[in-house]
Amino acid sequence: MQVLIPIIYPIIDSSLVTLDNIGKTAEAIIDGGAKILQLRAKSLSSKEFLETARIIRKITKDKGTVFIVNDRVDIALLTDADGVHLGQGDLPVKEARRLLGNNKIIGYSTHNLREALEAVRLPVDYISFGPIFPTKTKEDAQTPKGLKLLSEVRKAVVIPIVAIGGITETNMFHVLKEGVESVAMISEILTVKDISQKINRVIATAKKIKRP
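The sequence shown begins at 0 in numbering that gives the first Met the number 0 and counts up by one.
If you want it as structure tokens, here you go:
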């Protein structure tokens with residue numbers, strides 16, 4: 000499936016947002032202009048994850064925003080999410096595609112050139128690559144890959160790339176100039192007072208950077 004990934008890819012991480020604020024956070028992100036939203040909820044029980052995903056699914060459906068569930072194909076199916084994002088150790092991509100069908104989005108995490116090249120042969124719609132810079136969002140985050148390796152990956156694959164890891168409003172210029180379609184933001188957007196304003200600003204800035 001041909002997928003157009005929005006230039007800013009916000010991720011709600013349950014470790015950074017309290018459970019009772021996740022819905023409000025999702026609304027603020029979307030009101031700021033986000034066209035895609037991923038829920039990462041490793042800190043939640045399966046029951047909490049499902050309940051939270053259902054809340055966000057309703058919000059995103061009402062607003063026409065693409066909703067991606069991190070890791071959990073079962074929750075993506077139960078909430079009729081638009082897709083799932085899988086890591087290297089999650090359910091194999093081919094099995095996920097068999098369960099989800101051809102009309103759902105599958106993203107796939109990669110951390111080196113070999114993984115990126117292997118991903119191209121899988122039924123995925125986009126890959127994430129990173130972490131580009133140091134990040135504290137994931138406890139098990141790998142060492143930063145840097146812009147040079149990102150550039151090598153961009154030249155090697157034609158699949159859409161979402162750069163992730165330590166990307167901020169300040170450094171995203173250098174990341175987008177490597178030719179990636181999108182940059183993921185987590186703590187950069189979740190730790191500010193006015194999330195909508197922040198999202199609106201980074202989207203506008205990113206579009207200026209990508210403008211030919």
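Ideal Cβ positions, reconstructed from N, Cα and C, are used throughout, including at glycine.
Nonlocal neighbours in the same chain, by C-beta distance under 7 Å from residue i, ignoring five residues either side
| i | result |
| --- | --- |
| F48 | A40, R71 and I74 |
| F132 | P143, G164, G165, I166 and N170 |
| K34 | P5, T64 and V65 |
| R53 | T78 |
| H173 | L146 |
Residue i, buried or exposed, once every other Cβ within 10 Å from all chains shown has been counted against 16
| i | result |
| --- | --- |
| K197 | buried |
| N20 | exposed |
| K176 | exposed |
| D61 | exposed |
| L38 | buried |
| R56 | buried |
| L36 | buried |
| T17 | exposed |
| T222 | Any property of residue 222 remains undetermined from this structure, which presents the chain solely from 0 to 211. |
| A155 | exposed |
| N69 | buried |
| A27 | buried |
| S45 | exposed |
| A203 | exposed |
| L3 | exposed |
| G88 | exposed |
Beta-carbon contacts of residue i that lie in its chain and below 6 Å, excluding the five residues immediately before and after
| i | result |
| --- | --- |
| N199 | G31 and G32 |
| S13 | A40, S42 and L43 |
| D81 | V65, F66 and I104 |
| I29 | K62 and T64 |
| S195 | A27, D30 and G31 |
For residue i, the three-state DSSP class (helix, strand or coil)
| i | result |
| --- | --- |
| I166 | coil |
| R153 | helix |
| I185 | coil |
| G145 | helix |
| R71 | coil |
| D12 | strand |
| Q37 | strand |
| V212 | This structure does not reach residue 212, given that the chain is present from 0 up to 211, and the question cannot be answered. |
| G63 | coil |
| G82 | strand |
| V161 | strand |
| I55 | helix |
| I7 | strand |
| V30 | A small fix is needed here, since residue 30 is Asp in this sequence, not Val. Helix, per DSSP. |
| D19 | helix |
| S236 | Residue 236 is absent from the structure shown; the chain starts at 0 and stops at 211. |
| K247 | The question about residue 247 has no answer, for the chain in this structure spans 0 to 211. |
| E50 | helix |
| V2 | coil |
Contacts around residue i, its chain only, beta-carbon distance under 8 Å, and the 5 residues preceding and following it disregarded
| i | result |
| --- | --- |
| K209 | I6 and L175 |
| K135 | S186 |
Contact with chain B by residue i, beta-carbon distance below 8 Å
| i | result |
| --- | --- |
| D124 | Among the chains of the structure shown, chain B does not appear; only one protein chain is present. |
When the Cβ atoms of the segment 107-121 are set against those of the segment 150-168, are three or more pairs found closer than 8 Å?
-> Two segments are said to touch when three or more pairs of C-beta atoms, one from each, lie closer than 8 Å; by this definition the segment 107-121 touches the segment 150-168.
Touching by the beta-carbon criterion (3+ pairs, under 8 Å), the segment 86-101 and the segment 120-129 = Judged by Cβ distances under 8 Å, the segment 86-101 makes contact with the segment 120-129, as three or more pairs qualify.
With a floor of 4 residues, list each alpha helix (DSSP H) that falls wholly inside the segment 101-141, ordered by position along the chain.
-> Those alpha helix (DSSP H) runs which fall completely within the segment 101-141 and span 4+ residues are 112-119.
Cβ pair count under 8 Å reaching 3, the segment 146-154 against the segment 183-190 | Segments in contact, no.
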